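Have a look at the structure below before the remarks.
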Amino acid sequence: MENEGDILYIVVPCYNEEEMLPITAKALAKKLSALKQAGRISEKSKVMFIDDGSKDKTWEGIEKLNLISSDFTGIKLSRNRGHQNALLAGLMTAKKYADVTISMDADLQDDVNAIDSFLDKYYGGCDIVYGVRSSRKTDTAFKRNTARAYYKLLEKMGVEITYDHADYRLLSRRALDALEQFREVNLFLRGLVPLVGFRSDVVKYVRNEREKGESKYPLKKMAAFAIEGITSLSIKPIRFITFIGIFVFLVSIILLIRFFAVWCMGKTVEGWATIVISIWGIGGLQLLAIGIIGEYIGKIYLETKNRPRYIIETDLNDKKQ
Ligand code: UDP
Ligand code: MG
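With the first letter of the sequence shown counted as 1, position 59 gets the number 58 in numbering that gives the first Met the number 0; the numbers rise by one all the way through.
If you want it as structure tokens, here you go:
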């Protein structure tokens, strides 16, 4: 076979996606075979599904796809570890078999046709290509606005991040080898990948609506993910607290001087409202400060344990030979 392209693995984390799986598999198989026919990727290229400890029939679905066609392979995690860990498990496993990977969600919200442009950039010499949404029309106004505010906040915290980029991205094996060296347990991949370096580029695409099933990111998980993003990549909140502390201390000294002056002039003590407000205000600040510091200590606690970030139960690629 002459002029064969590189081996591409499309890595797709799945959690309770039995409804989407057949639809996604079909769309990706079509794309894969078009790319193979055009000689842009190797015949050995595959779609790799990661079952993130689903409670429904997702894994059975993946096994079935793997039996039907060599286009599909999969790994099963020993339990649910969350999107970021599942994605990392997939990428690190795919690295064993592939020259280049593209990660995407199982719900086809990311436009499959952007893969062509991803590969253009990759063959043009990029190690990392970020998929960026050109519009957020399909999101609710609430999600759109909170997301925008959040990206701004991340920027302020000094986290380098690509605006409106989720986890639809291409990574070369070289970039994956580098990513593997980041050993942290608290994972926020989209903040970590820019730290890897290498030549990178951006591909814009229109994000669709989820066809079947519901979002696996309810508000609570989203909020946890947002806090993870800041606290795993920035220590500015702690520094911020130090500044508030200094400020509050200065204010108290100014107040002290003022009260002393008033006392010297022989006036009686002013109303107790000021005192009560100060107690509540400072008490609140202290609790907040302790909370934020606790957040970081919790992170340190988890990191020092150095637990595995995921455990693979089955790798269908291993089973074959
Ligand atoms: N996902 C996962 N583990 C989880 C939660 C989600 O692997 O614990 C996967 C999910 O199957 C999907 C992707 O992560 O492929 C993104 O989830 P979803 O589409 O529900 O998030 P949204 O697009 O609503 O932010
Ligand atoms: Mg989605």
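We treat Cβ as the ideally placed atom computed from N, Cα and C, and that holds for glycine.
Owing to the predicted nature of the structure, the values given are computational and were not obtained by experimental measurement.
Check the C-beta distance from R168 over to V128 and give it rounded, since I have them as a contact under 8 Å. 6 Å
On the three-state DSSP scale, how would you describe A225? helix
When the Cα of S69 is compared with those of R147, R80, D104 and S32, which residue comes out closest? S32
Below 8 Å CB to CB, which residues in the same chain sit around M0 once its five sequence neighbours on both sides are set aside? Any reading at M0 needs caution, since the residue's pLDDT is 46, under 50, leaving its predicted position unreliable; the model's value is listed next. Closer than 8 Å at Cβ, skipping near neighbours: E42.
To the nearest angstrom, how far is the alpha carbon of T92 from that of V184? 17 Å
Considering Cα atoms alone, identify which of P193, T303 and F242 is closest to L284. F242
Give every residue of the same chain whose Cβ lies closer than 8 Å to the Cβ of T230, excluding the five residues on either side of it in the sequence, and list them in chain order. N185, P236, E294, Y295 and K298
Report yes if the C-beta of D109 is less than 7 Å from at least one heavy atom of ligand 1; otherwise report no. no
Where Y204 and G60 are concerned, what is the direct C-alpha to C-alpha distance, given to the nearest angstrom? 28 Å
Identify the continuous alpha helix (DSSP H) that holds P193 and give its terminal residues. L188 to V195
For ligand 1, residues whose Cβ lies under 5 Å from any non-hydrogen atom: P12, C13, Y14, E16, D51, G81, H82, A85, D104, A105, D106, S214, K215 and Y216
Mind checking whether the beta-carbon of R209 lies closer than 7 Å to any heavy atom of ligand 2? yes
In chain order, each alpha helix (DSSP H) run of at least 4 residues that lies wholly inside the segment 64-109: 82-93
Near D98, what residues of its chain come up, given a Cβ to Cβ distance below 6 Å and the 5 sequence neighbours on each side ignored? D5, I6 and R172
Which same chain residues, not among the five before or five after I310, have their C-beta less than 7 Å away from its C-beta? L76 and S77
Can you tell me the Cβ-Cβ gap for F48 and G73, rounded? I've got them flagged as a contact below 8 Å. 4 Å
In this structure, does DSSP put I22 in helix, strand or coil? helix
With C-beta atoms as the reference, is E210 less than 8 Å away from I22? yes
Ignore the nearest five residues each way along the sequence and tell me which others in K220's own chain have a CB closer than 7 Å to its CB. none
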